[in-house]
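In our numbering, the protein residues as written are 8 to 318.
As structure tokens, the structure follows; a few thoughts come after it.
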């Protein structure tokens, strides 16, 4: 298992370099730069000399390939560069924002797991029943509702009308501030987990080894616990890993809507200001998080199902 994990981590290096190169080239060819964005300030005329001076200061006047070689060299030493806007190391900005983002992602996935997996499991016990129909309605609705609209409705209902939770902000870690953004972010994973769990449980329940376990006289509780749930959980864990990895990227809209000081809001602000070093670092961090989560899921699947072997 350890050689497999080590090999997967090594395989992540070229992926990160490819993503870094793609983002670097993309922001090098699109119109506009940090200097022009800072100097415009809503004015129709921009001081070309001052823009040229700022571009030289940040090294933006050099050819693209020269800048990329310098960036790749710094990245090899884990130097993410310096923010154009704050003039501080990019790593400082990431360290300030990563914990709020992790809090939101964990809270959203906890909400999705707590409701989605039991809902899908119970729906599979009586397919076509009332609970099955209602759970699938919830699943389809959750996948169809736009996160932005859902967040606004939650703010209106539970913050403005009922006054139960704050409408936006971080609140220095107060748990009340994380409820609404976590729910808005976790509804889509909840719906997908419910559908995946239902399909996985139905597939396992119709398997031959489950009928054999019942024929041997095992109780229904034991059959469900040791045969159905354990085998279905491999598929559920795979979906869970994909959702948990992608939820960091999906948090961009929710973080901006609820003024949550995470990686997503930092990414949006940096893109609008053309702060390229921060944008590159944020995207690399999101990709790295996705890769690490998938490695962890593969390891957990092997622990649950001994038949899975990684070489």
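In this text, a Cβ means the ideal position worked out from N, Cα and C, and glycines have one as well.
As the structure is a prediction and not an experimental result, all values here were calculated from the model.
| query | result |
| --- | --- |
| Proximity below 8 Å, CB of residue 97 to CB of residue 291 | no |
| C-beta atoms of residue 112 and residue 255 nearer than 8 Å | yes |
| Where residue 93 sits in the DSSP three-state scheme | coil |
| Residue 218: first and last residue of the uninterrupted alpha helix (DSSP H) it sits in | 215-222 |
| Runs of alpha helix (DSSP H) lying entirely within the segment 186-214, each at least 4 residues, in chain order | 186-212 |
| Pair within 8 Å by beta-carbon distance, residue 128 and residue 204 | yes |
| C-alpha gap between residue 243 and residue 72, whole angstroms | 44 Å |
| Whole runs of the alpha helix (DSSP H) within the segment 238-292, excluding any shorter than 4 residues | 270-279 |
| Residues of its chain near residue 107, where Cβ-Cβ distance is below 7 Å and the 5 sequence neighbours each way are ignored | 177, 267, 268, 269 |
| Boundaries (first-last residue) of the alpha helix (DSSP H) holding residue 81 | 71-83 |
| Reference residue 152; option with closest CA among 188, 124, 195 | 195 |
| Pairwise C-alpha distance: residue 14 and residue 260 | 34 Å |
| Beta-carbon spacing of residue 217, residue 235 below 8 Å | yes |
| Spatially closest choice to residue 162 from 136, 190, 182, by CA coordinates | 190 |
| Buried versus exposed call for residue 117 [16 or more other C-beta atoms within 10 Å across all chains shown] | exposed |
| Reduced DSSP secondary structure (H/G/I, E/B, other) of residue 173 | coil |
| Supposed close pair residue 230, residue 221 - CB separation, criterion 8 Å | 6 Å |
| Nearest residue (CA-CA) to residue 33, options 16, 59, 10, 75 | 75 |
| Close-in-space but distant-in-sequence residues of the same chain around residue 10 (CB under 7 Å, 5 per side omitted) | none |
| Presumed contact (8 Å Cβ cut-off) between residue 253 and residue 201, rounded CB distance | About 17 Å separates the two Cβ atoms, so there is no contact after all. |
| Cβ-based burial, residue 103 [other Cβ within 10 Å; buried from 16] | exposed |
| Residue 83 vs residue 192 beta-carbon contact at 8 Å | no |
| Span of the alpha helix (DSSP H), counted from its first residue to its last, around residue 28 | 9-36 |
| Anticipated Cβ contact below 8 Å, residue 197 with residue 149, distance rounded | 6 Å |
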